[in-house]
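Read through the structure below, which is laid out as structure tokens, and then see the notes.
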Amino acid sequence: MSLNNLSIRVQVLIPLLLASLLMMVMIAISKQGLDNAIRDIDETTQSVVRHKDDIATLIHTTYRLRTSAIYGLYDAKLFAALPANLNSAEQEINAILGRLVVPGAEQDNRQVAAALQAYLSHTRNNMLPLLAEKHQGGGDPVAYEAARLHFRELGEQLIKQIDSMSAHINQLIQQELAEEQAHYDATLLRTLLLTAGTLLAALICGWVLSGRIVSPIGQLQEVMHAVAQGRFNVRAKAEGNNELTRLAKDINLTLGQLGSTIENLTGISNSVASAATELAAVMTQSEANAKQQHSEIEQVASAVTELSSTADNVNHNAAIADELAREANGRVEQGLALFTESIAANSRMAGSLEDAAAIVAQLKSQSEQIGKVIEVIQGISEQTNLLALNAAIEAARAGETGRGFAVVADEVRMLAARTQDSTKEIQAIIERLQSQSQSANNGVQETLEILGHNQRLSAQVQDLLSGITGAVRQINDANAQVATAAEEQSCVTADINRNITNIHEIVSQSSAGISQSACASNELSQLAEQQRKQLAQFQL
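Here this note's numbering is used: the first residue of the sequence shown is 3, the next is one more, and so on.
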């Protein structure tokens, strides 16, 4: 089973459980070996104590036997009890020799028994009869002295054999104790080696498993580093079903949505810029047409003034002038009607631009809300960094057992720091988008101001045309007075007709320009709506 299917907590606990299991097995094996060694040492110690007690009893009994025999040499009463003392001492010494069964000391045991038998045999067979004769006042002094000396030599030889056996037993016991100590030291060394091997195996296992845990984090760090460099086409490797795998999937999903959103916003921004440029060009042309309208109206006013000055000379052509004046009045009224329609179209365009300005303002507000969301994400990253720092501190307190967790905590803190850097870059992009939205809003406001100025100029033109209409009516009333200047009035009327025609063409161009402005405004509105829908993917 792949480790990617296990949670981070389980992956961290695996080396701890393995180390604990190995330590328990090692402790059980070591305890058994040490218990056996200690038990052997304890048994040897108890055996030493018993042997020491037996040897001490043997020496004491032997000295008591010799003392009783020596006293029997000089005291008749004590001599009478000597045979019984010999029998009692013999039984005790034989019992002690029977218990002193030490491997390697069998020959010493036999030599002590032989020396004891020689001593007892000489005492019973030689010394007792000689002592009996001595205490009765008879006997051979020379034989007695020779037997006494031999009796003394046998006693000293018995003591020497006992001392030799005691020394040999002590040597054997020291060897056995040394062997037991060596066995104990070997067991202790084996225990230490097992402990070191167990710790080494646990460290190796922890190192390998920590490497498997840190590897996905390193891959995520490489992906976030690539994203920090502006490459949104990278994807994290997401295999398994643990916390890091789910994080990698979420990062991939976020990168996909963010890349698509940025791509759409880029296209929309380019389209908005193009539409704004087109709208600015149309508005410039409308301003130029308005200026030309003003110039043509001034020419019409000049021609009307000249027509008024020559009215007295065109009396004989009053009928023709009246007809021409009526025709001019009709065309002026048509121009007035066209200007009225132009003003209405300008009003509608102003309403559309105001709607576009409201949408751009709403776009700016939503961009600011996105900035707030980015700030919240940055705050969460900072909290994650603080939590990772606290986890590293707790892991440091835990010592060796928390080293793997400390590594994970450091990697998480690094990931949180890179998340903050990426958040700052996204925030910078949002701020540039807000700046561009502000620029678009300012452009629309300037367009509204220009359109308002155009409406005011159109109103002035309407007033002027109204004045022209009144003047034409006055000319129509004064036709009776312009008979003497008919030809000049005809030329002036032709000029008026030409100027009115030019005004009509200019008004037509203005109408077409206003239509283009309306289309551009509609396109700008649609693009702004698309941008709003793209930004609506963020949950605010």
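We treat Cβ as the ideally placed atom computed from N, Cα and C, and that holds for glycine.
| Item | Value |
| --- | --- |
| Does the beta-carbon of histidine 318 have 16 or more other beta-carbons within 10 angstroms, so that it is buried, or is it exposed? | exposed |
| Does DSSP classify glutamine 429 as helix, strand or coil? | helix |
| In whole angstroms, give me the CA-to-CA distance for asparagine 387 and valine 414. | 7 Å |
| Can you look up glutamine 138 in the DSSP assignment and give me helix, strand or coil? | coil |
| Decide if lysine 136 is buried, meaning its Cβ has at least 16 other Cβ atoms within 10 Å, or exposed. | buried |
| Assuming leucine 132 and alanine 145 are in contact, meaning their beta carbons sit under 8 Å apart, how far apart are those beta carbons, in whole angstroms? | 6 Å |
| Measure from the alpha carbon of arginine 101 to the alpha carbon of each residue in Leu67, Leu60, Thr125, then state which is nearest. | Leu60 |
| What three-state label does DSSP hand aspartate 324 in the structure shown? | helix |
| Throw me the rounded Cβ distance for the glycine 406 and serine 212 pair, which I believe falls under 8 Å. | 5 Å |
| Which of the three DSSP states is assigned to leucine 202 in this structure? | helix |
| Thinking C-alpha only, which one of Leu190, Gln173, Leu179 is nearest aspartate 44? | Leu179 |
| Closer than 7 Å by C-beta to threonine 230: which residues in its own chain qualify, once you throw out the five before and the five after it? Chain order, please. | Note that residue 230 is alanine in the sequence shown, not threonine. Same-chain partners within the cutoff: Arg420, Asp423, Ser424, Glu427. |
| Taking the Cβ atom as the reference point for each residue, do phenylalanine 234 and glycine 261 lie within a distance shorter than 8 Å? | yes |
| Using the three-state DSSP reduction, which class does asparagine 243 fall into: helix, strand or coil? | coil |
| Quick one: what does DSSP say glycine 106 is sitting in, helix, strand or coil? | coil |
| Just confirm the distance between the C-beta atoms of leucine 20 and cysteine 207, as a whole number of angstroms; I'd bet it's less than 8 Å. | 5 Å |
| Name the residue from Asn254, Leu205, Thr197 whose alpha carbon lies nearest to the alpha carbon of glutamine 221. | Asn254 |
| Does the distance from the C-beta atom of methionine 167 to that of asparagine 127 stay below 8 Å? | no |
| From glycine 381 to leucine 417, what distance separates their C-alpha atoms? | 14 Å |
| Expressed to the nearest angstrom, what Euclidean distance is found between the alpha-carbon atoms of leucine 246 and isoleucine 10? | 8 Å |
| Is any heavy atom in the ligand ZN found nearer than 7 Å to the beta carbon of alanine 78? | By its list of ligands, the structure shown contains no ligand whatsoever, and the ligand ZN lies outside what it can speak to. |
| Just to confirm my understanding: we take methionine 28, look at its own chain, exclude 5 residues before and 5 after, and list those with CB closer than 7 Å. What are they? | Leu196, Thr197, Thr200 |
| With a cut-off of 8 Å on the beta carbons, I'd call leucine 156 and tyrosine 121 a contact; round off their distance for me. | 4 Å |
| In or out: leucine 542 buried (at least 16 other Cβ within 10 Å) or exposed? | Confidence is the limiting factor: at leucine 542 the pLDDT is only 40, short of 50, which leaves the residue's position unreliable and the question unanswerable from this model. |
| Which residue from Ile219, Glu433, Leu36 puts its Cα closest to that of alanine 184? | Leu36 |
| Roughly how far, in whole angstroms, is the beta-carbon of alanine 238 from the beta-carbon of valine 225, given that I think they are within contact range, below 8 Å? | 5 Å |
| Phenylalanine 81 lies in the alpha helix (DSSP H); which residues open and close that run? | 78-82 |
| To the nearest angstrom, how far is the alpha carbon of threonine 83 from that of threonine 69? | Before going on, a small fix: residue 83 reads as alanine here, not threonine. Computed Cα separation, rounded: 12 Å. |
| When you compare only the Cα positions, how much space is there between asparagine 96 and threonine 193? | 46 Å |
| Buried or exposed: aspartate 56, going by 16 or more other Cβ atoms within 10 Å of its Cβ? | buried |
| Roughly how far, in whole angstroms, is the beta-carbon of isoleucine 508 from the beta-carbon of glutamine 287, given that I think they are within contact range, below 8 Å? | Rounded, the Cβ-Cβ distance is 11 Å, inconsistent with contact. |
| How is glutamine 549 classed by DSSP in three states: helix, strand or coil? | A query on residue 549 cannot be resolved here, the shown segment of the chain reaching from 3 to 542 and no further. |
| Using CA coordinates, which residue listed in Gly141, Glu92, Trp209 is at the minimum distance from leucine 18? | Trp209 |
| Go ahead and pull the three-state DSSP assignment for asparagine 501. | helix |
| Taking just the CA atoms, how far does isoleucine 31 sit from aspartate 165? | 43 Å |
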